[in-house]
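K.L.:
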Amino acid sequence: MSPQREVVIESIDQVESLLARAYWIETEFEGVTQWDAYTAVDEKYRDTLFKLSNESERHKSLLKKLIKNLEGLDLEDIKQNSRARENVKFKRHSQDEEILYEVYENDKLALDLYEKIHSKTSKEFIEEVWAGEDPGEFYEILSHLVEEEKEHIDELKKYARKLDRII
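Sequential numbering from 0 applies to the sequence shown in numbering that gives the first Met the number 0.
#1: Residues in the same chain with beta-carbon distance under 6 Å from L110, minus the five sequence neighbours each way, listed in chain order, please.
#2: Can you have a look at V145 and say buried or exposed, based on whether 16 or more other CB atoms are within 10 angstroms of its CB?
#3: Could you name the residues of the same chain whose beta carbon sits closer than 7 Å to that of T32, not counting the 5 residues immediately before and after it, in chain order?
#4: Going straight from the alpha carbon of Y22 to that of I77, what length do you get?
#5: Let's test the definition: count the other Cβ atoms within 10 Å of the Cβ of L18 and tell me whether it reaches 16, buried, or not, exposed.
#6: Quick check: the Cα distance between K59 and H117, rounded to an integer number of angstroms?
#7: Rounded to the nearest angstrom, what separates E127 and V7 at their Cα positions?
#8: Within the same chain, show all residues whose beta-carbon is closer than 6 Å to that of E114, passing over the 5 residues directly before and after it, in chain order.
#9: May I have the straight-line CA-CA distance separating L74 from E27, to the nearest angstrom?
#10: So for H92, helix, strand or coil by DSSP?
#11: Taking buried to mean at least 16 other C-beta atoms within 10 Å of its own C-beta, is E132 buried or exposed?
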């Protein structure tokens with residue numbers, strides 16, 4: 000068996016596809032999931048969901064900044080490519096822990112995506128296509144997104160553990 004080839008992100012099409020997925024996660028999947036969860040869970044969980052929802056809005060702004068600073072990308076194209084594929088709806092009789100576990104899983108997905116974009120994107124490529132002053136800002140923004148998603152996961156982990164014990 001031959002060794003696996005290292006994945007390197009070094010084209011605008013690759014970056015566009017990945018950022019469209021990230022934008023979809025933040026605007027459609029996480030946003031809708033968190034709001035739907037907010038309306039379905041007990042009041043004692045709402046502060047956590049409100050915080051996560053607010054931070055998802057900030058993540059959306061950071062993604063817009065990335066997109067606007069990458070030559071060859073257009074925010075409207077990204078929006079078109081990130082249309083919601085499926086929205087998760089929670090029923091009022093779902094257990095709160097089940098709902099919070101779903102939000103937890105979504106944040107793990109976002110974390111994985113941000114970590115891969117950060118670690119796999121060629122620095123030389125970003126230097127070529129970055130329209131802003133400092134190409135390092137691309138990685139700084141992604142590092143910030145990674146750290147916030149880790150915080151979300153830590154916050155939600157206590158609820159996810161409760162569900163693991165129930166199952």
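Glycine residues also receive a C-beta, built at the ideal position from the N, C-alpha and C atoms.
Everything numeric in this text was worked out from a predicted model, so none of it was measured.
P.N.:
Straight from the coordinates:
#1: Counting from one through the sequence shown, the residue named residue 110 turns up at place 111. Once the five neighbours on either side are set aside, the close Cβ partners of L110 are E148.
#2: As a working mapping, residue 145 is identified with position 146 in the sequence shown. By the 10 Å Cβ count, V145 comes out buried.
#3: Taking the sequence shown and counting its residues from 1, the one referred to as residue 32 is at position 33. Taken in chain order, the residues that qualify are V87, E101, V102, N105.
#4: Along the sequence shown, one-based indexing puts residue 22 at 23. Along the sequence shown, one-based indexing puts residue 77 at 78. The alpha-carbon atoms of Y22 and I77 are separated by roughly 8 Å.
#5: As a first step, residue 18 is located in the sequence shown; it is residue number 19 there, counting from the start. So L18 ends up on the buried side.
#6: Within the sequence shown, numbered from 1, the residue matching residue 59 stands at position 60. Within the sequence shown, numbered from 1, the residue matching residue 117 stands at position 118. The straight-line gap separating the alpha-carbon atoms of K59 and H117 is approximately 17 Å.
#7: Taking the first residue of the sequence shown as position 1, residue 127 is located at position 128. Taking the first residue of the sequence shown as position 1, residue 7 is located at position 8. Distance between the alpha carbons of E127 and V7: 15 Å.
#8: In the sequence shown, the residue the question calls residue 114 occupies position 115. Hits under 6 Å: V145.
#9: Taking the first residue of the sequence shown as position 1, residue 74 is located at position 75. Taking the first residue of the sequence shown as position 1, residue 27 is located at position 28. Cα to Cα, L74 sits roughly 15 Å from E27.
#10: Against the sequence shown, residue 92 aligns to sequence position 93. Legend: pLDDT at H92 = 43, less than 50; position of this residue unreliable, value from coordinates given subsequently. Judged by DSSP in its simplified three-state form, H92 adopts coil rather than helix or strand.
#11: To locate residue 132, count along the sequence shown from 1; it is residue 133. When all chains shown are included, E132 counts as exposed.
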